[in-house]
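What follows is a set of notes on a single structure, which appears directly below.
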Amino acid sequence: MTASPNSTPLVRVKNVSKHFGDGESRVDALRDVSIDVFPGQVIALLGPSGSGKSTLLNVIGCIIEPSAGTLELDGDLVFDGGWLRSDLRKLRLDKIGFIFQAHNLIPFLDATDNVALVLQLANADADTARRRALELLDYLEVGHRKAAMPANLSGGEAQRVAIARALANRPRIILADEPTAALDSKRAGIVMDLLRKVAIEQDAAIIAVTHDEKIFDRFDNIFNLRDGRLEEEHSTT
Amino acid sequence: MVEANTRGPFAEASRIPGDTREAIARIAGVEEAGSVTYQTVEAEHQAKKLRLYVIGYEPTRPGGPPEIIEGRTLGRSHFELVADISTGLELGAKLQLGRNIFTVVGRTQYQVASGGDPAVFIALLDAQKLQFDLAPPASRVQIARGTSGPGRDTVNAVVARLQPNSSSDAVATTVKRWKHLAAITQEGQELILTRSLVDRARRQIGLFTSLLLVVSAVIIALIIYTMTMEKLKQIATLKLIGAPDRTIIAMIVQQAVALGIIGFVSGATLIFNIKDYFPRRVVLEADNVAILAAIVFSVCLVASGLGVRAALKVDPATALGG
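Structure follows, in structure tokens:
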């Protein structure tokens with residue numbers, strides 16, 4: 330079911346199931362899902378509303394614990410019973426970058442501080458955090474907007490700042506929730522090119538939930554989910 | 002020095018003979034002594050009622066106004082008056098007290114009775130006349146009954162200033178041996194004032210203050226809670242990207258404390274600027290302000306609890322999705 334380049338997968342989801350509630354109110358959000366995502370890959374999770382793609386993203390993001398199955402992130406077996414909530418937060422901070430549909434930048438911090446915040450949460454000193462934040466903003470070609478507040482950024486600029494924030498701690502796993510939903514075709518293409526660049530240059534795995542047909546050809550693999558099951562996998566490469 | 006078994010003219014009635022002052026002045030350790038009377042009168046000035054605390058004293062002896070900020074102290078033996086600025090009486094103003102008209106020759110400040118009535122100082126003889134003289138019809142009735150009423154040479158207290166290095170306790174002990182007098186030191190007077198005279202007012206203000214603090218805590222809690230609810234998406238984002246609980250708690254507490262600091266600074270500035278317009282004299286000492294700051298800080302910490310609780314319950318998953 331997965332592409333299998335000659336390396337160890339960064340994300341390995343194996344026979345994962347997740348249900349909410351019990352008895353008559355039980356909802357099976359994921360049923361026996363297995364996915365491997367390798368360094369340098371950009372993959373998409375596709376499916377109608379309620380198909381389980383957000384649940385899968387939450388499981389991979391260490392936000393919800395699967396009812397069955399295993400999750401390995403960068404070689405670490407997660408949810409094996411020895412993980413505290415604080416450990417999972419630390420894992421997210423160090424290994425996972427998140428990109429949101431609505432960028433979710435902190436509105437009272439400027440672009441640089443939004444990026445630097447993540448570094449400071451990881452105990453970087455203020456100067457180092459700021460320097461790295463400026464490097465990332467330049468890398469994503471929004472360095473000229475470093476002092477702008479989120480409200481003053483265009484949709485594309487805000488999403489690039491959000492990507493810079495996601496990359497701040499050099500994570501090798503990037504989870505993107507509808508990263509281009511709020512952008513027009515041109516800007517969506519720019520964002521996808523950036524994600525591809527990050528995947529190649531930082532040897533990262535990028536997993537995106539999307540409905541955006543105009544970017545389907547930008548993914549290496551597309552996983553279709555329906556009623557919590559992985560129906561099919563399309564390779565676009 | 003006051004009448005025996007009383008707590009002085011500002012707490013209870015005290016009447017002692019006018020010649021007590023000479024006896025007090027002769028006690029070893031006493032530098033000088035002065036007779037004083039205290040009474041509350043209501044006068045009319047510019048068609049307005051004025052409640053005044055009239056202090057009669059001997060102009061060359063202790064018991065008069067501690068400072069003159071405008072004009073002069075009493076110069077003539079009769080019908081002059083030094084008024085506290087809170088009376089609103091200007092220099093040269095005329096005021097009828099009893100059957101006589103007094104002229105304001107000086108102004109002093111911070112001299113009020115425990116109830117907040119502003120003080121005026123007049124000569125002892127004028128004060129005695131004001132306090133003890135009967136109205137002519139009442140006087141005629143007394144004479145017809147064969148009595149002339151109480152003698153006028155009565156004072157409420159004698160104020161003694163001690164020589165340097167003399168013991169107030171030793172002088173007080175000497176005075177108490179005379180049986181008909183009692184002595185109250187400066188500290189004793191302050192104790193009577195705070196523990197007895199203004200105690201009820203203090204408790205009442207304490208009750209109002211407590212109520213205001215509770216109301217403030219509720220208001221701050223609601224403001225912080227509302228502000229937190231408006232930021233749930235941002236809090237969820239912070240949690241999702243890995244911010245620890247302590248960072249989120251610190252942000253909310255900082256917000257509450259910032260609100261408290263703004264409120265405290267505004268309140269303290271307001272109080273310092275308007276306190277002199279209150280009828281009672283308000284003394285704000287540094288330690289009182291520090292205690293208030295500590296209370297405000299504590300109230301803010303408690304008030305932020307509701308917001309912290311709401312923030313800690315936020316599911317990081319809510320950051321995902323539109």
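Those sequence lines, one after another, are chains A and Z. Heads up: the first sequence runs through residues 330 to 566, numbered per this note's numbering. Heads up: the second sequence runs through residues 2 to 323, numbered per this note's numbering. Here a beta-carbon is modelled for each residue, glycine too, at the ideal position from N, C-alpha and C.
- Beyond the five residues adjoining it in sequence on each side, residue 282(Z) comes within less than 6 Å, by CB distance, of 111 and 113 in the same chain, given in chain order.
- Looking only at 342(A), 432(A) and 518(A), the smallest Cα-Cα distance to residue 234(Z) is reached by 432(A).
- The shortest C-alpha to C-alpha distance from residue 269(Z) to any of 53(Z), 297(Z) and 94(Z) is the one to 297(Z).
- With distances taken between CA atoms, residue 89(Z) lies nearest to 277(Z) out of 277(Z), 252(Z) and 203(Z).
- For the segment 218-242 of chain Z, the beta-carbon criterion of a distance under 7 Å to any beta-carbon of chain A is satisfied by 234, 235, 238, 241 and 242.
- With three or more CB-CB distances shorter than 8 Å, the segment 362-381 of chain A counts as touching the segment 541-554 of chain A.
- Put simply, the backbone Cα of residue 218(Z) is about 10 Å away from that of residue 261(Z).
- Checking the DSSP bridge columns, you'll see residue 57(Z) partnered with 38(Z) and 123(Z).
- Relative to residue 85(Z), the option among 299(Z), 29(Z) and 108(Z) whose CA is nearest is 108(Z).
- Residue 308(Z) holds the alpha-carbon nearest to the alpha-carbon of residue 222(Z) among 14(Z), 77(Z), 11(Z) and 308(Z).
- Beta-bridge analysis with DSSP links residue 158(Z) to 37(Z).
- By the Cβ rule, the segment 381-390 of chain A counts as touching the segment 345-365 of chain A, because three or more pairs are nearer than 8 Å.
- For residue 540(A), the secondary structure class from DSSP, reduced to helix, strand or coil, is coil.
- Distance between residue 530(A) and residue 523(A), taken at the CA atoms: about 10 Å.
- The way I'd put it, the segment 46-61 of chain Z doesn't touch the segment 196-215 of chain Z; fewer than three beta-carbon pairs between them come closer than 8 Å.
- Remark: C-beta atoms of residue 477(A) and residue 461(A) do not approach each other more closely than 9 Å.
- When the Cα atoms are used, residue 424(A) and residue 505(A) turn out to be separated by approximately 14 Å.
- Burial of residue 500(A) is indicated by the presence of at least 16 other C-beta atoms within 10 angstroms of its C-beta.
- According to the DSSP assignment, residue 531(A) belongs to no alpha helix (DSSP H), since it is labelled neither H nor E.
- Contact between the segment 161-171 of chain Z and the segment 67-78 of chain Z is absent: fewer than 3 CB-CB pairs across the two stretches fall below 8 Å.
- Between residue 339(A) and residue 242(Z), the gap from beta carbon to beta carbon reaches 9 Å or more.
- Within a 10 Å sphere around the beta-carbon of residue 378(A) sit fewer than 16 other beta-carbons, which makes this residue exposed.
- Contact note: residue 293(Z) does not reach chain A at a C-beta cutoff of 7 Å; the least C-beta distance is about 30 Å.
- Three or more Cβ pairs drawn from the segment 96-107 of chain Z and the segment 117-132 of chain Z lie within less than 8 Å of each other, which places the two stretches in contact.
- Taking C-alpha positions only, residue 381(A) is separated from residue 396(A) by approximately 14 Å.
- The beta carbon of residue 321(Z) sits closer than 9 Å to some beta carbon of chain A.
- Sorting 120(Z), 96(Z), 168(Z) and 45(Z) by C-alpha distance to the C-alpha of residue 30(Z) places 168(Z) at the top.
- Of all residues in the segment 367-398 of chain A, those with a C-beta nearer than 8 Å to a C-beta of chain Z are 383, 386, 387, 390, 392 and 393, reading in chain order.
- For residue 425(A), the secondary structure class from DSSP, reduced to helix, strand or coil, is strand.
- Excluding the 5 residues flanking it on each side, residue 237(Z) has same chain C-beta neighbours closer than 8 Å at 315, 316, 317, 318, 319 and 320, in chain order.
- When DSSP states are grouped into helix, strand and coil, residue 398(A) belongs to the strand group.
- The beta-carbon of residue 244(Z) is placed less than 9 Å from the nearest beta-carbon of chain A.
- Assignment of beta strand (DSSP E) within the segment 337-420 of chain A, counting only whole runs of 3 or more residues, yields 340-349, 356-366, 371-375, 397-402 and 405-407 in chain order.
- Closest option to residue 305(Z), judged by alpha-carbon separation, among 252(Z), 274(Z), 267(Z) and 292(Z): 252(Z).
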